[in-house]
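> Just dropping this structure here.
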Amino acid sequence: MSITRAEVLKIADLAKLHFKEDELDAFLTHFQHILEYVEQLKEVNVDDVPPTSHVSLTADFEKHIFREDEVGSSLPVDASLTNAPDPGSGHFRVPKVL
Amino acid sequence: MNLMDAHQIKNAVNSGKITAREVAETALRRIEAVDGKLSAFLSRDRERVLTRAEEIDRTIREHALPLAGVPVAVKDNICTLDLRTTCGSKMLENYTSPYNATVVDRLEHAGALVIGKTNCDEFAMGSSTENSAFGPTRNPYALERVSGGSSGGSAVAVAAEMAPLALGSETGGSVRQPASFCSVVGLKPTYGRISRYGLVAFASSLDCIAPVANNPKDIALLLSQIAGRDAHDSTSAPVAVPDYLAEMNKPVRGMRLGIPKEFFGEGLDPEVRSIIETGIRNAASLGCELMDVSLPHTQYAIADYYIIAPAEASSNLARYDGVRYGFRAQSPADLQDMYKRTRSEGFGPEVKRRIMVGTYALSSGYYEAYYGRAMRVRTLIKRDYDQAFERVDALLSPVSPTPAFKIGEKVSDPLSMYLSDIYTVTANLAGIPAMSVPCGFTGEGLPVGLQILANQFEEGTLLRLADAYMAAFPVSKPPLKI
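Protein sequences appear in the order of chains X and W.
Just so you know, numbering that gives the first Met the number 0 puts 69 at position 70 of the first sequence, and the rest follows in order with no gaps.
Just so you know, numbering that gives the first Met the number 0 puts 325 at position 326 of the second sequence, and the rest follows in order with no gaps.
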């Protein structure tokens, strides 16, 4: 399975990343090597095998964990804004969208 | 007072033989003396640590504390109110969390001293700390070699006697491999054993917080304080926390130890093999029975891991967009330009590579072929372990196919770096606990760790075997190169 330059650019766009022309060739090679390596998963017969997402949710507590819907504490607005690159008064400022 | 043994320190502080302030000063002096050569720490705050130590000294006049005055080094992807949490990334270079991780709250409640934040590969993605935006952490046994990673700073903090305990994190071996490279003890717990609230997310179905120490008793002491259900982390397991120190007093005689043949194949360095084989014979001589076992899907583990982890990372790292926290690119033309330039300038090459692979694996038309399939293969890897643990109590294997490699040796070939995780990733995929314990040194003086794996929530079994093994076969360490 090989990946084209155009596909890489499309994935980069989806991932909101940008690569300079001179980075792209090395990147394409590494990406290609990784994809060739993971191809081997296709050899495995996974018919009737369910996927595992929460790996230790087994026998003892194979169910969703619920809690009462009670109002708890949350982070104050001021604390939420302390790390913002461009905080407004009670909001995050970003470049004009419209 | 040395900084090797947490039990010794907390006993001395609780009994008034030494103050927490004196312990803190010793640790800070040690860090100032040796860390210039090692770069294990990214940040620390001398005044804050001393103030905190004085608070502990006041509290213990009222009552003893389980970790009284014990310095703990914390990996820089675990949130702390008092120190920056950079994740080894330019993206979070100036980020200070507005809350403490649950583990940090629990440590402080137990009287521990968070002595500083430790270096790691960017967002914990790597096996050497070379992916840190702030430079690599060096191996104290060979300064031109890597510390291992991603929790290299945490392993070196303990190995170089800057702190008796450290917290790292594990997604694919990030504590066991540096523990092996630096001759310390590292435990990757069962998935869900320790709350991850405040651990910066990398791959959510795999991530664990993982302790480092010089001996299994100290790991047990630390684990007892931080394990257990947390309402802030819905993936934390509602499973009772046993008394790990009591578990360790049970005998190891009669334990059945499995040797997985797939962990001794091609690519295993002959000297590492010979050290591990001696370790296995030694373990058997404790009265344990050795059995050959097979984990047939091990060969697919790296491919499986390098789909699952990047896929989840690509989703988790979408939050770094320059809006709410972290780095933002200068003078963006518009919102899209801000997102793209922020992420392209803020992330390093390995993080970008994994976001790209993950985005590809999750993209329309490929989801089932990559991520869906990988999660099914993961089930098969888990079943291999389920079957093995029907016959044996624990498994023994190498941690890493080689000892610590040279800084720069693998950076230009990401796949070769990935392959070095072959013996560690399966425990993360199967969610089982596993440890690295010091097993020996190569002729060149490089540490080699023995891996012990057990079934889910069997940390007590691991610690018991590790403790008996280390007590019977202590490794004599060459002097540190610092």
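Backbone N, C-alpha and C define an ideal beta-carbon position, used for all residues, glycine too.
Please compile the residues from chain W whose C-beta is within a distance smaller than 8 Å of the C-beta of X:Asp85.
Those are Arg327, listed as they occur along chain W.
> Can you tell me the Cβ-Cβ gap for W:Thr234 and W:Gly191, rounded? I've got them flagged as a contact below 8 Å.
At roughly 6 Å, the Cβ-Cβ gap stays under 8 Å, so W:Thr234 and W:Gly191 are in contact.
> Tell me whether the beta-carbon of W:Thr189 lies closer than 7 Å to the beta-carbon of X:Ser73.
For W:Thr189 and X:Ser73, no; Cβs fall outside 7 Å.
> Please report how far the alpha carbon of W:Ala300 lies from the alpha carbon of W:Val391, in whole angstroms.
Looking at the two C-alpha atoms, the distance is approximately 21 Å.
> For W:Ala368, I'd like the list of residues in its chain whose CB is within less than 8 Å of its CB, leaving aside the five on either flank, ordered along the chain.
So no residue of the chain qualifies.
> Please list, in chain order, all residues of the same chain as W:Leu479 whose beta carbon is under 7 Å from its beta carbon, the five residues on each side excluded.
Same-chain partners within the cutoff: Pro139, Tyr140 and Ala159.
> Identify every run of the beta strand (DSSP E) within the stretch 119-171 of chain W, keeping only runs that are complete inside it and at least 3 residues long; order them along the chain.
List check, beta strand (DSSP E) in window: 141-145 and 164-169.
> In this structure, how does DSSP classify X:Lys19 when only helix, strand and coil are distinguished?
Correct three-state label for X:Lys19: coil.
> Determine, for W:Ser343, whether the minimum Cβ-Cβ distance to residues of chain A falls below 7 Å.
Considering every chain present, this structure includes no chain A. Its protein chains are X and W.
> In its own chain, which residues sit with a C-beta less than 7 Å from the C-beta of W:Asn1, not counting the 5 before and 5 after it?
Excluding sequence neighbours, W:Asn1 sits near Glu160.
> Could you tell me if X:Val96 is buried or exposed, where buried requires 16 or more neighbouring beta carbons within 10 angstroms of its beta carbon?
Classification of X:Val96: exposed, given that the 10 Å Cβ count is below 16.
> Measuring CB to CB, does W:Met3 end up less than 7 Å from W:Gly345?
Result no, Cβ atoms of W:Met3 and W:Gly345 do not sit closer than 7 Å.
> So which residues of chain W does X:Arg66 contact, with C-beta pairs closer than 9 Å?
Ordered by position in chain W, the residues that pass the 9 Å Cβ test against X:Arg66 are Ala230 and Ser233.
> Taking only the alpha-carbon atoms, compute the straight-line gap between W:Pro135 and X:Arg66 and give it to the nearest angstrom.
Whole-angstrom Cα-Cα distance: 43 Å.
> Name the residue from X:Ile10, X:Ala5, X:Ser52 and X:Leu27 whose alpha carbon lies nearest to the alpha carbon of W:Arg377.
Among X:Ile10, X:Ala5, X:Ser52 and X:Leu27, the Cα nearest to that of W:Arg377 belongs to X:Ser52.
> With a 10 Å radius around its C-beta and 16 neighbouring C-beta atoms as the bar for buried, classify X:Thr3 as buried or exposed.
It counts as exposed.
> Decide if W:Tyr359 is buried, meaning its Cβ has at least 16 other Cβ atoms within 10 Å, or exposed.
Buried: at least 16 other Cβ atoms inside 10 Å.
> Just tell me which of W:Ile451, W:Phe440 and W:Glu169 has its CA closest to the CA of W:Ile77.
Ranking W:Ile451, W:Phe440 and W:Glu169 by Cα distance to W:Ile77 puts W:Glu169 first.
> By the three-class DSSP mapping on this structure, what secondary structure does X:Ala58 have?
For X:Ala58, the predicted model reports a pLDDT of 46, less than 50, meaning its position is unreliable; a value from the coordinates is still stated below. X:Ala58: helix per DSSP, three-state reduction.
> What three-state label does DSSP hand W:Lys116 in the structure shown?
Residue state, collapsed to three classes: strand.
> Buried or exposed for W:Ser273, going by 16 or more other Cβ atoms inside 10 Å?
Flag for W:Ser273 reads exposed.
> Kindly indicate which three-state DSSP category W:Met434 falls into: helix, strand or coil?
Three-state result, W:Met434: strand.
> What are the start and end residues of the alpha helix (DSSP H) that includes W:Gly459?
Glu458 to Ala471 is the span of the alpha helix (DSSP H), which, as asked, contains W:Gly459.
> Reducing DSSP to helix, strand and coil, say where W:Ser179 ends up.
W:Ser179 falls in the helix class under three-state DSSP.
> Does the beta-carbon of W:Thr79 have 16 or more other beta-carbons within 10 angstroms, so that it is buried, or is it exposed?
Flag for W:Thr79 reads buried.
> Alpha carbon to alpha carbon, how far is W:Ala11 from W:Ile17?
Roughly 6 Å separates the two Cα atoms.
> Any beta carbon of chain W sitting closer than 7 Å to that of X:Tyr36?
For X:Tyr36, the answer is yes, since a Cβ of chain W falls inside 7 Å of its Cβ.
> One question on the structure: do W:Phe440 and W:Pro432 come within less than 7 Å of each other, judged by their Cβ atoms?
Cβ distance not < 7 Å, so W:Phe440 and W:Pro432 don't count as in contact.
> Short of 8 Å in beta carbon distance, which residues of its chain neighbour W:Pro97, apart from the five on each side in sequence? Order them along the chain.
Result list for W:Pro97: Leu80, in chain order.
> May I have the straight-line CA-CA distance separating W:Thr401 from W:Ala310, to the nearest angstrom?
Cα to Cα, W:Thr401 sits roughly 28 Å from W:Ala310.
> Whose Cβ in chain W lies nearer than 8 Å to the Cβ of X:Leu8?
Result: empty, since nearest Cβ-Cβ is about 11 Å, beyond 8 Å.
> When you check each C-beta in the stretch 369-380 of chain W against every C-beta of chain X, which residues fall closer than 7 Å?
If the cut-off is 7 Å between Cβ atoms, the stretch 369-380 of chain W has Gly371, Arg372, Ala373, Met374, Arg375, Val376, Arg377, Thr378 and Leu379 near chain X.
> Please confirm whether X:His90 has its beta-carbon closer than 7 Å to some beta-carbon of chain W.
Taking Cβ atoms only, chain W never reaches closer than 7 Å to X:His90, which makes this a no.
> Return the chain-ordered list of same chain residues with a C-beta closer than 7 Å to the C-beta of W:Arg45, the five sequence neighbours on each side being excluded.
Within the same chain, W:Arg45 has close Cβ partners Leu27.
> Would you mind sorting W:Ser313 into buried or exposed? The rule is 16 or more other CB atoms within 10 Å of its CB.
Buried is the call here.
> Sort out for me which residues DSSP pairs X:Leu97 with in a bridge.
Note: X:Leu97 sits in no beta bridge, so no partner.
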